[in-house]
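Shown next, in structure tokens, is the structure this report addresses.
There are 2 protein chains.
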Amino acid sequence: MKPVKHLPTRCLAGLSGLLLSLLLSACASPAATEPGPQHIVGTGDLGLVVERASGSLQLLNTSRRELLGRIEGLGDLSHASLVYSRDGAHAYVFGRDGALSKVHLPSRRLLARVQQSGNSIGGAISQDGRLVAAQNYQPGGIKVFDSVTLAEVADIPAEYAPGQRSRVVGLAELPGQRFIFSLFDAGEIWIADLSGIAAGRPPQLQKFKDVGRQPYDALITPDGRHYIAGLFGEDGLAKIDLWAAEPRVERILAGYGRGQQALPVFKMPHLRGWAVAGRHAYLPAIGRHEVMVVDTESWQEVGRIAVAGQPVFVMARPDGRQVWVNFALPDYDRVQVIDTQSRQIIQTLKPGRAVLHMEFTPRGESVWISARDDNQISVIDTASFVVQARLAAASPSGIFFTSRAQRSGF
Amino acid sequence: MKPVKHLPTRCLAGLSGLLLSLLLSACASPAATEPGPQHIVGTGDLGLVVERASGSLQLLNTSRRELLGRIEGLGDLSHASLVYSRDGAHAYVFGRDGALSKVHLPSRRLLARVQQSGNSIGGAISQDGRLVAAQNYQPGGIKVFDSVTLAEVADIPAEYAPGQRSRVVGLAELPGQRFIFSLFDAGEIWIADLSGIAAGRPPQLQKFKDVGRQPYDALITPDGRHYIAGLFGEDGLAKIDLWAAEPRVERILAGYGRGQQALPVFKMPHLRGWAVAGRHAYLPAIGRHEVMVVDTESWQEVGRIAVAGQPVFVMARPDGRQVWVNFALPDYDRVQVIDTQSRQIIQTLKPGRAVLHMEFTPRGESVWISARDDNQISVIDTASFVVQARLAAASPSGIFFTSRAQRSGF
Numbered sequence: 004m005k006p007v008k009h010l011p012t013r014c015l016a017g018l019s020g021l022l023l024s025l026l027l028s029a030c031a032s033p034a035a036t037e038p039g040p041q042h043i044v045g046t047g048d049l050g051l052v053v054e055r056a057s058g059s060l061q062l063l064n065t066s067r068r069e070l071l072g073r074i075e076g077l078g079d080l081s082h083a084s085l086v087y088s089r090d091g092a093h094a095y096v097f098g099r100d101g102a103l104s105k106v107h108l109p110s111r112r113l114l115a116r117v118q119q120s121g122n123s124i125g126g127a128i129s130q131d132g133r134l135v136a137a138q139n140y141q142p143g144g145i146k147v148f149d150s151v152t153l154a155e156v157a158d159i160p161a162e163y164a165p166g167q168r169s170r171v172v173g174l175a176e177l178p179g180q181r182f183i184f185s186l187f188d189a190g191e192i193w194i195a196d197l198s199g200i201a202a203g204r205p206p207q208l209q210k211f212k213d214v215g216r217q218p219y220d221a222l223i224t225p226d227g228r229h230y231i232a233g234l235f236g237e238d239g240l241a242k243i244d245l246w247a248a249e250p251r252v253e254r255i256l257a258g259y260g261r262g263q264q265a266l267p268v269f270k271m272p273h274l275r276g277w278a279v280a281g282r283h284a285y286l287p288a289i290g291r292h293e294v295m296v297v298d299t300e301s302w303q304e305v306g307r308i309a310v311a312g313q314p315v316f317v318m319a320r321p322d323g324r325q326v327w328v329n330f331a332l333p334d335y336d337r338v339q340v341i342d343t344q345s346r347q348i349i350q351t352l353k354p355g356r357a358v359l360h361m362e363f364t365p366r367g368e369s370v371w372i373s374a375r376d377d378n379q380i381s382v383i384d385t386a387s388f389v390v391q392a393r394l395a396a397a398s399p400s401g402i403f404f405t406s407r408a409q410r411s412g413f
Numbered sequence: 004m005k006p007v008k009h010l011p012t013r014c015l016a017g018l019s020g021l022l023l024s025l026l027l028s029a030c031a032s033p034a035a036t037e038p039g040p041q042h043i044v045g046t047g048d049l050g051l052v053v054e055r056a057s058g059s060l061q062l063l064n065t066s067r068r069e070l071l072g073r074i075e076g077l078g079d080l081s082h083a084s085l086v087y088s089r090d091g092a093h094a095y096v097f098g099r100d101g102a103l104s105k106v107h108l109p110s111r112r113l114l115a116r117v118q119q120s121g122n123s124i125g126g127a128i129s130q131d132g133r134l135v136a137a138q139n140y141q142p143g144g145i146k147v148f149d150s151v152t153l154a155e156v157a158d159i160p161a162e163y164a165p166g167q168r169s170r171v172v173g174l175a176e177l178p179g180q181r182f183i184f185s186l187f188d189a190g191e192i193w194i195a196d197l198s199g200i201a202a203g204r205p206p207q208l209q210k211f212k213d214v215g216r217q218p219y220d221a222l223i224t225p226d227g228r229h230y231i232a233g234l235f236g237e238d239g240l241a242k243i244d245l246w247a248a249e250p251r252v253e254r255i256l257a258g259y260g261r262g263q264q265a266l267p268v269f270k271m272p273h274l275r276g277w278a279v280a281g282r283h284a285y286l287p288a289i290g291r292h293e294v295m296v297v298d299t300e301s302w303q304e305v306g307r308i309a310v311a312g313q314p315v316f317v318m319a320r321p322d323g324r325q326v327w328v329n330f331a332l333p334d335y336d337r338v339q340v341i342d343t344q345s346r347q348i349i350q351t352l353k354p355g356r357a358v359l360h361m362e363f364t365p366r367g368e369s370v371w372i373s374a375r376d377d378n379q380i381s382v383i384d385t386a387s388f389v390v391q392a393r394l395a396a397a398s399p400s401g402i403f404f405t406s407r408a409q410r411s412g413f
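These protein sequence lines map, in sequence, to chains A and B.
Under this note's numbering, the first sequence has 217 at position 214, and the numbering climbs by one with no breaks.
Under this note's numbering, the second sequence has 322 at position 319, and the numbering climbs by one with no breaks.
Shown next, in the form of structure tokens:
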């Protein structure tokens, strides 16, 4: 073992031999049938489940399909999300109570906890993994932290008029230590460039104004090219092509949004639940029992698929051949699977009461589904739809695998 | 620390507290400025460089941009490739001498080595990580091994006529413990389904015959949908749409291949070096100083880009905004960067003599490039093209990051 991060080299260099001997001597039982010593496991098949009621996380392993134990003391985890360090050993947890927590997966320890705002709603990690940003409702703005020490490196108030601060939503990382986010109260989208922070230069801000009323959430396409904000105050969405020579805001999908909907909306769908499969995006039709299909070249709607309820998450299996959908109350005991070639529902599952989230293994062979009111996680084979495992967790909501560390747009 | 793989639970459960105390007491030096103990590092930012002349591997860390040390005794590593376990802690190395080696990254140990054939040319790991397959020239066929023990679980001779065995190329994994591969001498493509192996059932074979003369390499598109084999004995390529209700072989790109080329070919390009960026594939034009652009919906050529030499690897940055190209002799000291929106060369770099391979960090901020004859790896910022690190390695060739464990088609 060679230290690869954080610890003084002389310390681990001396220890590695000792650790090795200890593990070898203690573990050389007849039950160990391995061809050689394998004492340190990798982090590539780990993940965390948010247990919202108890303020805890469950460590999981997707190879063994097991929960490995709890990390406690995370505070209010309703609507919590998290991002991972580049090496997959650490998670940064954004609690609704404004706390940013750093946990260490292999040891299941809470390493640090910073009360960084009064009310927070998620965050992001920079492309190079060095900066962690939290988006805050109260006081409105983003704060940026050193990912190793959690020292605050920047405080960017979302002050859009003298004395007026907006709630911030839709935060995502962009290449080069930049973050993009939307100002709900201001109807603006900002990009903060923190590439000068290490050299002592303040963040540079680029502001897009009049993007539309009340952007309430946003997503970035898997290639990082398009940033799309949903509008609560009017129909349509605001889109920026970040690869354009001079990026500007365009309005797309004029019929999409809250304004003209006939049905009551039981839960606003997450825009990050959009699926992009091949050249098409699959997205929840707000208030309707439909999934919309949109061409990502023209950004025009090209089809609708009738589903069992109001869709919340519409998620593509990593290969894009299937799209899985969960639903708002009262249909939130069901999950439906769309075949993207035929655009037909090929399966309806009932994995438990209050299905809140789904996460695919990185190569797509399984999906993990949380059923909050049944205190259960189901692991399902995406080819046969056979249940591979049922695991007990306390009011599970979000499920996050370390493979997210390797992907952009979170 | 909780054991997540391979070791008896009772053993590690007892050890974890001891290890923790040991590490804490030994490492609590004033130099440790971390907010908490972080003794076990993740494997998400590790990788391996093949040192072909010395039969060794160099462990690397992409966060620190450092080489961490050598793993020796791998035998003949010319044209070697490797795949990773799901957790990222182990690599399976396919040597040209027919040996399959299993190495453990955190401890930099060679754990096991199986002489499985006389001449091998790469391999793959099943979607679920349980089976490792090697493709062999001599004797021609594939052999499949348990990824934990390296016990042989299947031997599939590529016998296409009585007593006639073909060399095997273009092996890739398909969903559900299946592998696809091409038979150079037979002009066939086979799919082996090993999903019954654990229950004692033999592999099931599906054979596509008369696919074209001498398929010499193949690739699978990033979504796993299309398998494409290059033909050495004639022009064009053989493509199978694996998502079709009844997959069959189609011929595409009639002008692509060896037959009609006017220029001598200094090195046959790797088909796995094809880049798919958005809906277009960028591929080396064989024998010409050009990169071809192909629409992956129609599989028609839609453009050509003049480059500095005969392209070998044509690789997309993970976001698809750039395509990087290296070249065959005598132009193999150069690397060119294509902007995929304008299809223009935006940069020409000289990272050393005999550039053999390139590997992007999973979020694309850096690329690692091996220059064999300068015994050097360069780490380059893909936005500014600034050299972030120069690292000494012995005749480096292939570079493989553990993030490959999360992706299909290897």
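Built from N, CA and C at the ideal position, the CB exists for glycine as well.
- Among the residues facing chain A, B:V44 is included, as its CB has a counterpart in that chain under 8 Å away.
- Each residue's CA atom was taken as its position, placing B:Q138 and B:A195 some 12 Å apart.
- Under the 8 Å criterion on CB atoms, B:D48 is classed as interfacial with respect to chain A.
- Bridge partners of B:E304 according to DSSP: B:V297.
- Those residues of the stretch 212-227 of chain A placed with their C-beta closer than 7 Å to a C-beta in chain B are D226, G227, ordered along the chain.
- Contact with chain A is found for B:P178, since one of that chain's Cβ atoms lies less than 8 Å from the residue's Cβ.
- When secondary structure is reduced to three states using DSSP, B:A284 falls in the strand class.
- By the neighbour-count criterion, in which a residue is buried when 16 or more other Cβ atoms sit within 10 angstroms of its Cβ, B:A161 is buried.
- For A:D322, the chain B residues whose Cβ falls inside 8 Å of its Cβ are P178, D226, G227, R228, S411, in order along the chain.
- Contacts with chain A (Cβ-Cβ distance below 8 Å) from the stretch 130-157 of chain B involve Q130, D131, G132, V151, T152, L153, listed in chain order.
- Against A:Q344, the close residues of chain B are W246, in the order they occur along the chain (beta-carbon pairs closer than 7 Å).
- Listed as beta-bridge partners of A:Q119 by DSSP are no residues whatsoever.
- Around A:E368, the beta-carbon contacts reaching into chain B at under 8 Å are Q130, D131, P178, G179.
- Residue pairing of A:T65 in beta bridges, as defined by DSSP: absent, with no partner found.
- Proximity of A:D90 to chain B, defined by a Cβ-Cβ separation below 8 Å, is satisfied.
- Nearest CB-CB separation between A:A392 and chain B: not below the 8 Å threshold.
- The alpha-carbon of A:Q209 is positioned some 14 Å away from that of A:S198.
- Here the C-alpha atom of B:R55 lies approximately 12 Å from the C-alpha atom of B:D376.
- Taking a Cβ-Cβ cut-off of 7 Å, the neighbours of A:A386 in chain B comprise P178, G179, given in sequence order.
- Distance from the CA atom of A:R116 to the CA atom of A:V53, rounded to whole angstroms, is 16 Å.
- Under the Cβ distance rule, A:S120 does not count among the residues neighbouring chain B, no pair being separated by less than 8 Å.
- Counting only Cβ-Cβ distances below 9 Å, B:G290 has no contacts in chain A at all, with the closest Cβ about 31 Å away.
- Annotation: Cβ neighbours of B:P365 in chain A (cutoff 8 Å, chain order): A408, Q409, R410.
- For the 8 Å CB-CB criterion, A:R337 and A:T385 do not form a contact.
- Neighbours of B:R282 in chain A, taken as residues at a C-beta separation under 7 Å, are given in chain order as R282.
- Excluding five sequence positions before and after B:V382, the CB atoms of its chain that fall closer than 6 Å to its own CB belong to R68, S369, W371, Q391, A392, given in chain order.
- Contact annotation: B:L153 and B:L103 have beta-carbon atoms nearer than 8 Å.
- For the stretch 60-74 of chain A, the set of residues with a beta-carbon nearer than 9 Å to any beta-carbon of chain B comprises L62, N64, T65, S66, R67, E69, L71, G72, in chain order.
- Of the candidates B:V86, B:A92, B:L51, B:A83, B:L51 places its Cα closest to the Cα of B:I74.
- Under DSSP, B:P399 takes part in a beta bridge, and its partners are B:E54.
- Straight-line measurement puts the Cα of B:R356 at about 22 Å from the Cα of B:T364.
- If you draw a straight line from the Cα of B:H283 to the Cα of B:R346, it comes to about 11 Å.
- Under DSSP, the beta-bridge partners assigned to A:R393 are A:S381.
- For A:D188, the secondary structure class from DSSP, reduced to helix, strand or coil, is coil.
- B:S81 sits in coil when the DSSP states are folded into three classes, being neither helix nor strand.
- Exposed is the label assigned to A:Q303, since fewer than 16 other Cβ atoms lie within 10 Å of its Cβ.
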